[in-house]
Each structure stands twice: as C-alpha cells, then as structure tokens.
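Numbering (the working numbering), first residue to last: 19 to 640.
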C-alpha cells in the first residue's frame with residue numbers, strides 16, 4: 019500500500035502496470051500449442067496426463083448430463099441466474115437497434131446503410147474447475163446469441179469429479195439450447211479451438227478470460243484466430259471526497275483485489291482523513307477474509323492518492339483509464355461529462371462494481387492496463403461486423419458521376435473514371451426503379467422494383483401464399499419485383515403482410531416519380547377463374563383511396579389469413595398514393611383471392627405504361 023500527495027509529485031504517477039515477460043511460460047505454452055496442432059485430441063490427452071488431469075471419454079458434454087444439472091441447483095440459484103440473464107439480455111438487445119435503422123439519403127438518388135453480420139463460428143472459454151464463473155458465461159454467451167452467431171462452442175474445465183459445474187450447464191441451455199459444451203480447460207482449450215481437432219471444431223474468434231496460461235495461449239494464436247480484449251489484472255479506482263465509510267470503500271477495493279495477486283486498486287480523495295481511515299481499514303478487512311492468501315499480496319498494489327481538486331481527479335482518472343471507476347459521492351454528475359477514459363463507471367454510494375459484474379446488465383468484460391483510453395468493454399458488435407451498402411438510381415448517378423470522374427482523374431486513376439464513363443454510355447433515358455428497406459421491431463423488408471421490367475420476380479416473405487400472390491402481381495403487370503422479408507410470423511402473420519404492403523406501396527410511389535407520360539387510367543380489367551370474376555379500375559393520381567368488395571371468404575387460404583387481403587390492398591394503395599376500385603365475386607376462396615391479385619396486376623400494368631402525352635391531367639401534374 020502506498021500513499022501519494024499530488025502536491026509532492028515531480029513526475030506523473032506510475033500506475034504500476036509494468037508487464038514482465040515470462041520466457042519460461044511463453045515456451046511452455048508454445049509447446050502445448052504445437053502438440054495440440056500436431057496430435058489433436060491425442061495431444062490434449064497427453065498434456066492432461068502430464069498435468070494429472072483425467073481426460074473424459076468424450077470432450078463433448080452429453081445431453082443427459084445437461085438434463086441432470088437442473089436438479090443439482092437450488093431454486094434461489096436458478097432465480098438469480100434468470101434475473102441476471104434478463105437484465106444482461108435487455109441491455110445488449112438495445113445495441114442491436116443502431117443496426118436496424120433505415121438507409122440514409124446523402125443526396126437525392128443515393129442511399130447508404132449498414133448491415134450487421136454475426137461471426138458464424140465462435141469459441142467461448144469459461145474458467146471452471148475450482149470455481150464456476152457463471153457470470154463470465156452470461157457476459158459472453160448472451161451477446162453472442164443475440165448477435166446471431168450460428169455455431170457457439172464453449173470450453174470449460176471439469177471439476178475434480180470430472181463433470182462440468184451444473185450452474186454453467188443449466189445457464190448455458192437457458193440462453194441457447196443449441197450451444198455445444200466441451201470438457202477442456204487451460205491453454206490446450208484455446209489451441210484446440212484455434213486449430214480444430216477431431217472432437218472440437220475450429221472457430222473464427224475466441225472469447226473469455228483465464229489464467230496466465232490461457233492468456234498467453236490467446237496471445238500466441240491471435241495472428242491466426244481473432245480474440246476478444248487482451249486480458250490483464252483486474253483494476254478498480256474509487257473517488258471519495260465526502261463519502262467517509264472506510265468499510266464500504268475497503269470492500270470495494272477488495273472486490274477486485276481478490277481476483278489475483280497482480281490486481282490493482284486506486285483511491286482518489288481530497289481528504290487525507292478519508293485516506294487514513296481506508297489505510298487502517300484495509301488490513302483489518304483482509305485479516306479474516308476467505309481469500310486472505312491472495313489479498314495479503316494484492317493490497318500491496320493499492321495507491322492512496324491525496325488530490326487538490328475535482329479537476330485534478332478527472333485528469334488523473336483519464337490518465338489512468340481504470341477498468342472500473344466508482345464515484346461514491348452524490349455529486350458524481352459533475353464527473354460524468356468530463357471522464358473520457360474508463361471501462362465502466364459506477365455512480366453513487368449504492369452502486370457497487372459487483373452489480374455490473376453479475377446482474378445489472380452491462381458487460382463485465384472490460385479493457386485493462388490503460389486500454390480504456392482506446393477500447394470499449396465487450397459488446398454485441400464484438401460478435402460480428404458491420405458491412406456498408408450503397409445504392410444509386412439514375413438521379414443519384416447523374417449527380418455524382420462528374421464529381422467522381424474529376425477526383426479519379428486528379429489522382430491519375432484512369433480505370434476508376436472509366437467505370438463511371440462506361441455506365442454513362444449505357445444509361446437509359448428513363449428508368450423507373452426503386453429500392454426500399456423497411457425495418458421495425460417486427461419485420462425487416464427489402465424491395466427492388468422496376469416498373470419497366472418484363473415480369474421477373476424473386477419473392478420470399480415467409481408466407482407461402484403471399485409469395486404466390488406477389489409472383490402473380492409481377493407476372494401479370496410486367497414489373498420486375500424482388501421482395502425479401504424477415505418477419506415475426508412465429509407470432510402472427512399480420513405484421514409481415516401489413517409491412518410488406520406498406521413497403522411495396524412506398525416503392526411504387528418512388529418509382530413513379532413525377533408520374534408524367536403515363537397512361538394514368540386503366541378501366542374494366544376483368545379476370546375470370548372458373549366461377550369467379552374480378553374487376554379492377556385504377557387511377558394513378560396522387561389521391562389514395564381503395565374501394566374493395568368481395569364475396570365471403572373462409573378464414574385461411576393456404577397460410578394466408580384472408581382478413582388481411584383487404585388490409586394488404588389498403589396499405590399498398592395508401593402508400594403508393596393512387597385510387598383503386600377492386601370487386602370480386604366467386605365461391606372458392608382461393609379463386610377469389612388469386613383473381614383479385616391478377617386483375618389488380620393487369621390494371622396496374624396498363625396504368626403505368628409510358629406514353630408521350632405529358633401529364634394526364636389538366637392541372638399539369640398528378
């Protein structure tokens with residue numbers, strides 16, 4: 019334990035983070051890696067034997083063992099785990115929202131957006147053996163599952179009885195029933211996931227804390243297999259100027275110091291009296307502590323720092339960039355806008371670090387060793403990546419082409435300019451195309467539309483009969499139509515059908531543009547299917563109105579609820595902004611619905627046809 023008064027400082031504070039190299043450890047871990055790479059499962063078993071670890075018959079945990087885990091946990095344990103899962107899931111779900119935004123229009127005719135894509139195959143290391151770090155499992159498996167990682171493999175060392183702690187098994191299956199769990203720990207687990215063996219799949223990224231062997235193994239494979247945050251000793255910094263309960267402050271320090279003998283703790287205070295109380299309290303708190311052996315060594319890494327002002331404290335915080343920062347005083351709000359370097363911040367006297375470590379919802383995998391200056395804590399983004407997309411229509415192409423051509427010529431990159439020039443030669447005088455993305459909590463929809471097409475289609479809505487109807491719309495109107503929808507049809511079809519109609523209507527409205535040089539009207543388009551007759555009339559003015567009449571329908575046709583047919587046309591017409599009268603009589607529900615879509619398609623195809631008469635209105639516009 020060391021006391022520092024900033025009045026006496028002649029040079030910056032040494033935060034005691036020197037990382038000494040251990041050549042023997044590096045050499046030993048490298049040897050483990052070579053044996054796992056060369057001999058696979060047999061190499062792992064050889065290493066386990068040398069370490070006096072009994073290798074299981076099967077590294078993969080069997081389903082029977084997982085099912086037994088529930089009976090081995092108390093209801094209190096299960097409830098605590100479930101509360102933690104709920105809170106952590108809620109916090110990380112919000113991180114998904116930033117990737118669900120609609121495309122941004124930087125200029126007319128050009129749209130740009132981003133799509134999140136999960137890493138397909140990942141490995142999670144969960145320390146076990148003597149103590150099951152269930153919280154570590156939750157902090158990694160929950161965001162991995164929310165991100166959409168398809169193949170998640172967990173490696174965790176078994177207990178002395180050869181089994182995985184039931185809390186880890188039970189919690190893992192509550193979060194993701196498809197996850198695979200393997201009985202393997204130490205550096206050999208990291209190398210197994212990096213290289214792949216007969217039993218353990220190769221992964222693309224490895225997550226999770228561990229001992230010095232695990233951390234060294236992650237370091238050695240990092241040029242081949244991506245890893246999460248580089249691990250370092252746990253850190254905590256406490257700011258207490260008015261708060262003067264030394265027992266609380268001492269325990270806040272011990273909560274991180276108990277992680278290991280290299281853990282660090284710092285206290286900033288304007289009050290020497292508070293620092294003296296802490297100095298006296300710490301040895302007493304350590305004396306009878308269950309982790310006395312570790313804490314007796316780690317409290318030597320405590321710095322008690324007497325400061326002159328809050329301004330100086332903020333400067334020291336940002337210089338240190340601690341993993342955990344506790345602001346015990348009630349004036350913590352004065353620190354919030356000024357602190358730019360910290361892994362996670364705990365505000366006020368009732369917010370211990372252990373809340374974040376276990377169950378408040380934030381992730382406890384945080385940057386250490388000053389890396390909070392440039393790194394964030396583990397988040398959903400770490401389990402995937404963001405891909406940028408862009409789309410230009412004719413207007414966008416014409417506006418940006420000369421700018422790009424000039425810049426390419428300025429840099430002397432001729433081929434760049436030529437990619438623009440060749441498209442300019444091929445550009446049609448008129449294109450009536452649109453691309454629309456619609457996102458909500460319930461659906462994600464992508465629509466490509468070309469009014470001057472030849473009836474080509476690619477439809478995937480998740481509702482088979484709706485796919486069939488939209489195919490009819492494309493085929494019989496002559497438009498090219500591509501629709502892809504990811505919707506919550508496991509709950510109900512309503513959101514998917516309504517949102518597709520809205521998006522399709524918006525796409526039609528955009529493609530029609532100023533609506534000049536079109537027929538505008540189509541009348542008396544009749545379709546017959548056996549006993550059924552459907553008549554449709556359309557006016558592509560900008561007035562939204564639907565008049566819909568039909569015979570009685572049964573509840574479903576295929577997997578399409580028939581109550582949604584009128585709603586589909588209404589939503590489409592409202593967003594496409596035109597008038598439609600649609601009347602269908604018949605006896606067979608399938609015929610009634612299909613003929614309605616076909617007559618609508620025929621009428622729509624006629625109304626959108628180009629002619630040279632200018633505006634089809636005495637007003638001069640539609």
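For every residue, glycine included, the Cβ atom is placed at its ideal position computed from N, Cα and C.
For clarity, every value in this text was computed on a predicted model and none was experimentally measured.
**Request:** Write down every uninterrupted run of the beta strand (DSSP E) in the region 442-523 whose length is 3 residues or greater and which is fully enclosed by it, in chain order.
**Result:** 451-457, 461-468, 475-478, 498-505, all fully within the region 442-523.
**Prompt:** Under the DSSP definition of a beta bridge, which residues are partnered with residue 142?
**Reply:** Within the chain shown, the letter at position 124 stands for residue 142. Answer is 172, 225, bridged to residue 142.
**Message:** Between which residues of its own chain and residue 183 is the CB-CB distance below 7 Å, once the five residues before and five after are set aside?
**Reply:** By 1-based counting over the chain shown, the position of residue 183 is 165. Closer than 7 Å at the Cβ level, and outside the excluded window around residue 183, lie 146, 150, 177.
**Asked** Excluding the five sequence neighbours on either side, which residues of its own chain have a C-beta within less than 8 Å of the C-beta of residue 34, listed in chain order?
**Response** Translated into the one-based positions of the chain shown, residue 34 becomes position 16. Around residue 34: 282, 319, 321.
**Prompt:** Do residue 225 and residue 142 have their CB atoms nearer than 7 Å?
**Reply:** Taking the first residue of the chain shown as position 1, residue 225 is located at position 207. Taking the first residue of the chain shown as position 1, residue 142 is located at position 124. A contact, by the Cβ cut-off of 7 Å.
**Message:** Using DSSP's beta-bridge definition, name the partner residues of residue 596.
**Reply:** As a position in the chain shown, residue 596 is number 578, starting the count at 1. Residue 596 is not bridged by DSSP to any residue.
**Prompt:** Is the Cβ-Cβ distance between residue 597 and residue 557 less than 7 Å?
**Reply:** For the purposes of this step, residue 597 is taken as residue 579 along the chain shown, with counting starting at 1. For the purposes of this step, residue 557 is taken as residue 539 along the chain shown, with counting starting at 1. Judged by beta-carbon spacing, residue 557 lies within the 7 Å limit of residue 597, meaning their Cβ atoms are closer than that value.
**Message:** Could you compute how far the alpha carbon of residue 104 sits from the alpha carbon of residue 314?
**Reply:** Within the chain shown, residue 104 is the residue found at index 86, counting from 1. Within the chain shown, residue 314 is the residue found at index 296, counting from 1. Using only the alpha carbons, I get a separation of about 36 Å.
**Item:** residue 618, enclosing alpha helix (DSSP H) - first and last residue
**Value:** Counting from one through the chain shown, the residue named residue 618 turns up at place 600. Start and end: 607-625.
**Message:** Do residue 110 and residue 398 have their beta-carbon atoms positioned less than 7 Å apart in this structure?
**Reply:** For the purposes of this step, residue 398 is taken as residue 380 along the chain shown, with counting starting at 1. For the purposes of this step, residue 110 is taken as residue 92 along the chain shown, with counting starting at 1. Contact check for residue 398 against residue 110 passes: the beta carbons are separated by less than 7 Å.
**Item:** Alpha-carbon spacing of residue 476 relative to residue 501, whole angstroms
**Value:** In the chain shown, the residue the question calls residue 476 occupies position 458. In the chain shown, the residue the question calls residue 501 occupies position 483. Computed Cα separation, rounded: 6 Å.
**Item:** Sheet register partners of residue 257 (DSSP bridge)
**Value:** One-based indexing of the chain shown puts residue 257 at position 239. Residue 257 has 286, 345 as its beta-bridge partners, per DSSP.
**Asked** Is residue 338 helix, strand or coil when you go by DSSP?
**Response** Locating residue 338 in the chain shown gives position 320, counting from the first residue. Helix, per DSSP.
**Message:** Using 7 Å as the threshold, is the C-beta distance between residue 473 and residue 492 below it?
**Reply:** Translated into positions along the chain shown, residue 473 becomes position 455. Translated into positions along the chain shown, residue 492 becomes position 474. Against a cut-off of 7 Å, the Cβ pair of residue 492 and residue 473 comes out as a contact.
**Request:** For residue 306, write down the residues that DSSP places opposite it in a beta bridge.
**Result:** Here residue 306 refers to the residue found at position 288 when the chain shown is read from its first residue. Beta-bridge pairing links residue 306 to no other residue.
**Reference residue 406; option with closest CA among 122, 513, 619, 414** = By one-based count along the chain shown, residue 406 stands at place 388. Restricting attention to 122, 513, 619, 414, the CA atom closest to the CA of residue 406 is found in 122.
**Asked** Of the residues 384, 334, 231, which one's Cα is nearest the Cα of residue 641?
**Response** This structure gives no information on residue 641, because the portion of the chain shown stretches from 19 to 640.
**Message:** If you measure between the beta carbons of residue 376 and residue 42, is that distance less than 7 Å?
**Reply:** Translated into the one-based positions of the chain shown, residue 376 becomes position 358. Translated into the one-based positions of the chain shown, residue 42 becomes position 24. The answer is no: Cβ separation not under 7 Å.
**Prompt:** CB residue 259 to CB residue 288, shorter than 7 Å?
**Reply:** If you number the chain shown from 1, residue 259 lands on position 241. If you number the chain shown from 1, residue 288 lands on position 270. Yes; because the gap between Cβ atoms is below 7 Å, this pair is in contact.
**Request:** Take residue 485 and list the residues in its own chain whose beta-carbon comes closer than 7 Å to its own, dropping the five residues that flank it on each side.
**Result:** Counting from 1 along the chain shown, the entry for residue 485 is found at position 467. Annotation for residue 485: 477, 478, 479 place their beta carbon closer than 7 Å to its own, counting only its chain and skipping 5 residues before and after.
**Request:** Can you grab the Cα-Cα spacing for the pair residue 431 / residue 409, in whole Å?
**Result:** Your numbering for residue 431 matches position 413 in the chain shown. Your numbering for residue 409 matches position 391 in the chain shown. Straight-line Cα distance between these residues: approximately 23 Å.
**Asked** Beta carbon of residue 249, beta carbon of residue 229: below 7 Å?
**Response** The residue labelled residue 249 in the question sits at position 231 within the chain shown. The residue labelled residue 229 in the question sits at position 211 within the chain shown. Contact flag unset, no.
**Prompt:** Taking the Cβ atom as the reference point for each residue, do residue 588 and residue 564 lie within a distance shorter than 7 Å?
**Reply:** Locating residue 588 in the chain shown gives position 570, where the first residue counts as 1. Locating residue 564 in the chain shown gives position 546, where the first residue counts as 1. A Cβ-Cβ contact shorter than 7 Å links residue 588 with residue 564.
**Request:** Return helix, strand or coil for residue 301, following the three-state DSSP convention.
**Result:** Here residue 301 is taken as the residue at index 283 of the chain shown, counted from 1. In this structure, DSSP gives residue 301 a helical state, which the three-state scheme calls helix.
**Message:** Once DSSP output is grouped into helix, strand and coil, what is the label at residue 154?
**Reply:** Locating residue 154 in the chain shown gives position 136, counting from the first residue. Here residue 154 sits in helix by DSSP.
**Prompt:** For residue 508, does the count of other Cβ atoms within 10 angstroms reach 16, so buried, or fall short, so exposed?
**Reply:** On the chain shown, residue 508 is found 490 positions in, with the first residue counted as 1. Residue 508 should be labelled exposed.
**Prompt:** In three-state DSSP terms, what is residue 188?
**Reply:** Stepping through the chain shown from its first residue, residue 188 is reached at position 170. Under the three-state reduction of DSSP output, residue 188 falls in the helix class.
**Message:** Give me the DSSP bridge partner(s) of residue 199.
**Reply:** Along the chain shown, read from residue 1 onward, the residue named residue 199 stands at position 181. Bridge partners of residue 199: 172.
**Request:** Quick one: residues in its chain with C-beta nearer than 8 Å to the C-beta of residue 417, no 5 flanking neighbours on either side, listed in chain order?
**Result:** Counting from 1 along the chain shown, the entry for residue 417 is found at position 399. Here the set comprises 125, 126, 127, 128.
**Asked** Got a sec, what are the start and stop residues for the alpha helix (DSSP H) residue 113 sits in?
**Response** The residue given as residue 113 occupies position 95 in the chain shown. According to the DSSP assignment, residue 113 belongs to the alpha helix (DSSP H) that extends over 93-115.
**Message:** Would residue 88 and residue 188 qualify as a contact pair, given that the criterion is a beta-carbon distance under 7 Å?
**Reply:** Here residue 88 refers to the residue found at position 70 of the chain shown. Here residue 188 refers to the residue found at position 170 of the chain shown. Note that the C-beta distance between residue 88 and residue 188 is below 7 Å.
**Prompt:** Which of helix, strand or coil does DSSP assign to residue 574?
**Reply:** Here residue 574 refers to the residue found at position 556 when the chain shown is read from its first residue. Looking at residue 574 - three-state DSSP - the assignment turns out to be strand.
**Among 138, 118, 216, the one whose alpha carbon lies nearest that of residue 131** = Residue 131 sits at position 113 when you count from the first residue of the chain shown. Nearest option by C-alpha distance: 118.
**Asked** Could you give the C-beta distance for residue 5 and residue 523, rounded to a whole number, given that I count them as a contact under 8 Å?
**Response** Absent from the model: residue 5. The displayed extent of the chain is 19 to 640, so no value can be given.
**Message:** Does residue 567 come out as helix, strand or coil in the three-state DSSP assignment?
**Reply:** On the chain shown, position 549 is the one that residue 567 refers to. In this structure, residue 567 counts as strand in the three-state DSSP scheme.
**residue 50: first and last residue of the uninterrupted beta strand (DSSP E) it sits in** = Taking the first residue of the chain shown as position 1, residue 50 is located at position 32. Unbroken run through residue 50 is the alpha helix (DSSP H), 41-57; no beta strand (DSSP E).
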